[in-house]
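Peer 1: Here it is: the structure, laid out below.
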Amino acid sequence: MREVFVYVEGPSDGKVLETLLERVICQAQAKGNSLYFYPMGGKGPLLNKGPLKALNILRNKPNSHVFLLPDLYPKNIFFEHQTFQQLKTGLDKQFAALLNKKKGDKRLLSQFHVFCMKYDLEVLLLASETALKKKLNTDTFSRSWKRPVEDQDHDLPPKRIVEQLFRDCGMKYIDTIDAPMILAEVDYRELMVACEQQFKPFIEELLGILA
């Protein structure tokens with residue numbers, strides 16, 4: 364039996380991933396495996412407390428794996444980083460230092476995984492144009508954005524674009540309600556094609572562990 368724990372920033376991240384990966388979760392359970400998503404209350408708490416939570420889980424559950432999945436935006440939270448590699452390096456170093464301090468088994472390093480939403484959860488909405496148009500009740504978007512969708516930046520991350528799209532249609536975007544509702548109609552495999560930089564490798568690693 365394998366248990367996979369994915370720590371995310373907030374409730375909307377957890378709800379979206381549970382919705383997108385419902386089939387994966389059921390298939391894992393059928394094989395005796397488990398997949399859980401836990402919000403940490405923001406990027407700061409996730410980066411600050413996530414590595415220690417991961418270490419405690421891995422020491423007590425030898426067959427488990429832990430993923431930290433923060434947003435890349437905003438930059439320089441808890442430690443300096445603007446790119447995914449800087450974010451991953453910082454978290455890997457933090458985990459390795461804790462592991463060394465507690466004299467843990469070095470093999471646990473391979474069970475600690477860091478990925479990110481680039482630049483935040485709403486990148487998945489920008490990649491789901493048909494479902495997003497349906498929610499907004501429009502045939503055309505009022506604004507444009509970079510493609511591939513993971514090529515936005517810290518000055519205008521996906522969430523800000525989505526908020527603007529909703530406002531332009533006379534609506535208010537509520538992430539915990541709207542994001543899961545929109546993505547309930549989307550196949551996660553389509554998002555892997557549109558989001559090859561971060562979402563695809565995250566899902567591939569997850570599926571590889573649960574296979």
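Going by this note's numbering, the sequence shown runs without a break in its numbering and finishes at 574. Cβ atoms here follow ideal geometry from the backbone N, Cα and C, with glycine treated the same way. None of these values were measured; they are calculated from a predicted model.
Determine, using beta-carbon pairs with one atom in the region 402–419 and one in the region 369–380, whether at least three such pairs fall under 8 Å.
Peer 2: yes
Peer 1: Could you pull out every residue in the same chain whose Cβ sits closer than 7 Å to the Cβ of Ile572, ignoring the five residues on either side in sequence?
Peer 2: Arg365, Val367, His428
Peer 1: Given the structure, does Phe458 come close to the ligand PLP, in the sense that its CB is under 7 Å from one of the ligand's heavy atoms?
Peer 2: You won't find the ligand PLP in this model; it holds no ligand whatsoever.
Peer 1: Leu398 CB to nearest chain C CB: under 8 Å?
Peer 2: No chain C is present in this structure, which holds just one protein chain.
Peer 1: For Ser577, name the three-state secondary structure that DSSP assigns.
Peer 2: Because the chain here runs from 364 to 574, residue 577 falls outside it and cannot be looked at.
Peer 1: DSSP three-state label for Met480, please.
Peer 2: strand
Peer 1: Spatial neighbours of Phe441 within its chain, please: CB distance less than 6 Å, with the 5 preceding and 5 following residues excluded, ordered by chain position.
Peer 2: Gly407, Leu410, Asn411
Peer 1: Over the uninterrupted beta strand (DSSP E) stretch that includes Tyr536, give me the two end residues.
Peer 2: No beta strand (DSSP E) contains Tyr536, which DSSP labels as neither H nor E.
Peer 1: Does the Cβ-Cβ distance between Glu655 and Cys558 come in under 8 Å?
Peer 2: As shown, the chain starts at 364 and ends at 574. That puts residue 655 outside it, with no answer to give.
Peer 1: Determine the burial state of Ala393: buried for a count of at least 16 other Cβ atoms within 10 Å of its Cβ, exposed for fewer.
Peer 2: With fewer than 16 other Cβ atoms within 10 Å, it is exposed.
Peer 1: Hey, out of Asp516, Phe504, Gln515, whose CA is closest to Leu528's CA?
Peer 2: Looking at the Cα atoms, Phe504 is the closest of the given residues.
Peer 1: Measuring CB atoms only, is the region 507–521 touching the region 538–545, in the sense that at least three cross pairs come out at less than 8 Å?
Peer 2: no
Peer 1: Helix, strand or coil, according to DSSP, for Ser397 in the structure here?
Peer 2: strand
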